[in-house]
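Asks: Going left to right, the sequence shown walks through residues 254 to 309 as our numbering numbers them.
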Amino acid sequence: MAYKITDACVKCGSCADTCPVEAISEGDDKYVIDADVCVSCGSCAESCPTEAIEEG
254 MAYKITDACV KCGSCADTCP VEAISEGDDK YVIDADVCVS CGSCAESCPT EAIEEG
């Protein structure tokens, strides 16, 4: 199951930098994960300083 980014996102970009399949892009108010590209590896969640990424 793909991960999702919650409203706790502060748009630091660390998740996008660590995503091995480039499934994360900058949205209007937070980063977003493309569920069709996400391989559910968890790298983004591990790198998030605000714990704004959860399996969803």
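Virtual Cβ for every residue (Gly too), placed ideally from N, Cα, C.
Since this is a predicted model, take the numbers as computed values, not measurements.
Could you check the C-alpha separation between T259 and V292 for me, to the nearest Å?
Replies: So the two alpha carbons sit approximately 18 Å from each other.
Asks: For E307, collect the residues of the same chain with a Cβ closer than 8 Å to its Cβ; drop the 5 residues on either side in sequence, then sort them by chain order.
Replies: Y256, K257, T259, A298
Asks: For V285, write down the residues that DSSP places opposite it in a beta bridge.
Replies: S278
Asks: In terms of residues, what are the limits of the beta strand (DSSP E) holding E308?
Replies: 306 to 308 is the extent of the beta strand (DSSP E) around E308.
Asks: Roughly how many angstroms separate the alpha carbons of A275 and V285, rounded to a whole number?
Replies: The residue you asked about is not Ala; residue 275 is Glu in the sequence shown. Their backbone Cα atoms lie some 11 Å apart in a straight line.
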